[in-house]
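Visitor: In my numbering, the protein residues as written are 123 to 271.
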Amino acid sequence: MTDILALIYPWTKAFHIISVISWMAALFYLPRLMVHHTEKVTLSGETHDLFAMMEFKLSNVIMRPAMHATWVFGLCLVFTPGIVDWSMIWPWTKGVSVIAMTAFHTWLVIRVKGFGRGENTLTGRQYRMMNEVPTVLMIIIVFSVVLKF
Numbered sequence: 123m124t125d126i127l128a129l130i131y132p133w134t135k136a137f138h139i140i141s142v143i144s145w146m147a148a149l150f151y152l153p154r155l156m157v158h159h160t161e162k163v164t165l166s167g168e169t170h171d172l173f174a175m176m177e178f179k180l181s182n183v184i185m186r187p188a189m190h191a192t193w194v195f196g197l198c199l200v201f202t203p204g205i206v207d208w209s210m211i212w213p214w215t216k217g218v219s220v221i222a223m224t225a226f227h228t229w230l231v232i233r234v235k236g237f238g239r240g241e242n243t244l245t246g247r248q249y250r251m252m253n254e255v256p257t258v259l260m261i262i263i264v265f266s267v268v269l270k271f
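1. Taking residue 137 and residue 191 to be in contact with their CB atoms under 8 Å, please state how far apart those CB atoms are, rounded to whole angstroms.
2. Is residue 173 near residue 265, with beta carbons less than 9 Å apart?
3. Which runs of the alpha helix (DSSP H) at least 4 residues long sit entirely within the segment 168-206? Give them in chain order.
4. Rank 155, 196, 147, 212 by C-alpha distance to the C-alpha of residue 268 and give the top, closest one.
5. Report buried or exposed for residue 286, applying the criterion of at least 16 other Cβ atoms within 10 angstroms of its Cβ.
6. Output needed for residue 145: all residues of its chain with C-beta closer than 6 Å, excluding positions within five of it in sequence on either side, in chain order.
7. Identify whether residue 130 lies in helix, strand or coil by the three-state DSSP scheme.
8. Using 8 Å as the cut-off, can you tell me whether the segment 207-226 makes contact with the segment 250-264, which would need three or more C-beta pairs spanning the two stretches below that distance?
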């Protein structure tokens with residue numbers, strides 16, 4: 123199995139990068155939709171239904187498959203011989219950050235379901251602040267992988 127992973131390494135890496143870009147785009151955009159949904163729309167009516175549909179589709183059609191692909195291709199990279207040196211700190215900081223990113227993803231999905239039911243307890247400002255979470259995690263991940271500290 124590891125011979126196959128080594129053979130397809132460039133393809134795996136390329137698909138991992140594509141998946142990460144797609145996942146990150148959704149993680150950046152969904153909280154922004156929620157800011158506008160919170161500040162400009164009531165929790166019922168035609169515009170609410172439109173926002174709830176956009177949030178649902180972004181979450182389920184783009185964000186979830188991109189996260190799954192990121193994890194699958196990322197784990198393939200982890201198991202490719204010679205790619206990860208577990209005696210270094212960087213794979214651990216990246217791993218913890220990816221798990222935190224997945225937790226943030228899950229939190230967003232819960233928020234999407236709440237909006238779909240016409241429920242929301244957060245302010246636009248709180249969604250703006252939460253929008254910084256994937257940025258911080260992305261910085262940690264990129265520095266971990268590129269600088270290998």
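Ideal placement from N, C-alpha and C gives every residue a C-beta, glycine not left out. Bear in mind that the values here come from a model prediction, so they are computed numbers and not experimental data.
Guide: Reading from the atomic positions:
1. The pair is a contact, with the Cβ atoms about 7 Å apart (cut-off 8 Å).
2. Cβ atoms of residue 173 and residue 265: not closer than 9 Å.
3. 168-179, 186-200
4. Minimum Cα distance to residue 268 is reached at 212.
5. The shown model of the chain, from 123 to 271, leaves out residue 286, and the question about it has no answer.
6. 188, 189, 192
7. coil
8. Using a C-beta cut-off of 8 Å, the segment 207-226 makes contact with the segment 250-264, since at least three inter-stretch Cβ pairs fall below that distance.
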